[in-house]
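If you use mature numbering (1 follows the signal peptide of the UniProt record, and there is no 0), the sequence shown corresponds to residues -28 to -1, 1 to 317, in order.
Report on the structure given below.
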Amino acid sequence: MLELNGPLNGPARRSRAVALLATGAALAATLLGTASGAADAVPTTAKTTATTAAAKGHVRTKAGAPAIPVANVKAHLNQLQSIARANNGNRAHGRSGYKASVDYVKGKLDAAGFTTTVQQFSANGATGYNLIADWPGGDTDHVVFAGSHLDSVSAGPGINDNGSGSAGVLEVALAVAREGYKPDKHLRFGWWGAEELGMVGSQNYVDNLSSADRSKIDAYLNFDMIGSPNPGYYVYGYDANLQSLFENWFAAKNIATEVDHEGDGRSDHAPFQNVGIPVGGLFSGADYIKTAEQAQKWGGTAGRAFDACYHRSCDTYANLNDTALGTNTDAIAGAVWSLSGSATS
């Protein structure tokens, strides 16, 4: 996540009246049943029904997002830690560790059957990379998009910021492939470069979308820092339907949430929101201090930062809360399944 005094801090917020195809109530009802735990798209035939999807010898209904093993997410984070260790301790824009991170994620997605595209851009005199992965099928006039930034700051490996979001989104994408999921809508996943310089990669992606392509994105979901060691459970509040989607998911598991304000304008949702695309997302806290009231409802330690290693060399594999990481990744899966629907194989 971008520093508070970063170059693009705090773009003006305005309310969005863009309606999703399903109502917030319908989305919430779908999520209550979930399990716990720029690239050109190929045209496909729109699906008009949402029945059951057969995958790997079992049937999973529209509401049936799989539980995501946190061990799988942590395995990706261990690899990102190893990449940083082998590349001068970081995975920052313009450094070899960032390109190696892109190559790792791309390799996993290619092997799983995604159509991947690497988009290049320039920032601070260095080449940056966005990675876009499209799951074949679904109505490409209605895209559900989940993303996260893959770069770290130069001070350290960036395992919570934002290896956690990147690994969570990656493992949800791989679950889509494992399940043989056939959604009604088209699924797209993105990993952004140079977020720490001011959301440069995601801004470049949005700038290169035509108006027609922008209008096809029904929702962009952003996940930046989802495994903070002294965690909170924050939900983006920019779109009422997407906010309710996540709030109801957590409420069904007796987890209180708050609307995120610490991350306003400081992550990759901002370029999408600023062109009228509905945005949602999750966040577990950065350098703000946890209050006594928050510690009472979320656990952890009052009077300490949600992530005391934010943008420091100590943001390593040890700088994670497994419960927050696993819960938030399950919530990503629930949202992706709910928003995209499913169809008969």
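The beta carbon of each residue, even a glycine, is placed where N, CA and C say it ideally should be.
Quick caveat: nothing in here was measured; it's all calculated off a predicted structure.
Let me know the secondary structure DSSP gives Ser94 once reduced to three states. strand
Would you please state the rounded distance, in angstroms, between the beta carbons of Gly199 and Asn293? I believe it to be under 8 Å. 6 Å
Beta-bridge partners of Glu230, as assigned by DSSP: Tyr206
The ligand SAM and His65: does the residue's C-beta get closer than 7 Å to at least one heavy atom of that ligand? The ligand content of the structure shown is nil, which means the ligand SAM is not present either.
Ile227 to Tyr205 span [Cα, whole Å]: 8 Å
Can you give the Cα-Cα distance for Gly130 and Ser310, rounded to whole angstroms? 30 Å
Hey, could you find the ends of the alpha helix (DSSP H) Ala184 is sitting in? Ser183 to Ser187
Is the distance from the Cβ of Asp82 to the Cβ of Trp164 below 8 Å? The answer is no: Cβ separation not under 8 Å.
Let me know the secondary structure DSSP gives Arg67 once reduced to three states. For Arg67, the three-state secondary structure derived from DSSP is coil.
Would you please state the rounded distance, in angstroms, between the beta carbons of Leu297 and Gly252? I believe it to be under 8 Å. Not quite, the Cβ-Cβ distance comes to about 19 Å (not below 8 Å), so this is no contact.
Using C-beta distances below 7 Å, list every residue in its chain close to Lys80, excluding the 5 sequence neighbours before and after it, in chain order. Cβ neighbours of Lys80 beyond the five flanking positions: Leu142 and Leu146.
Do Gly137 and Ser285 count as a contact pair if the criterion is CB distance below 8 Å? Cβ distance not < 8 Å, so Ser285 and Gly137 don't count as in contact.
Secondary structure of Ser126, DSSP reduced to three states: coil
Inter-residue Cα distance where the pair is Gly306 and Ala39: 9 Å
Do the segment 266 to 282 and the segment 108 to 121 make contact, defined as three or more Cβ pairs closer than 8 Å? With a cut-off of 8 Å on Cβ pairs, the segment 266 to 282 is not in contact with the segment 108 to 121, counting fewer than three such pairs.
Kindly confirm or deny that the segment 214 to 224 and the segment 257 to 269 touch, where touching means at least three C-beta pairs closer than 8 Å. Pairwise C-beta distances place the segment 214 to 224 out of contact with the segment 257 to 269, as fewer than three of them are shorter than 8 Å.
Kindly indicate which residue of Asp133, Gly36, Phe244 and Ala166 has the alpha-carbon position closest to the one of Leu103. The shortest CA-to-CA distance from Leu103 to any of Asp133, Gly36, Phe244 and Ala166 is the one to Ala166.
Between Val125, Gly110, Pro41 and Gly135, which has its C-alpha nearest Tyr289's C-alpha? Selected option, being the one with the closest Cα: Gly135.
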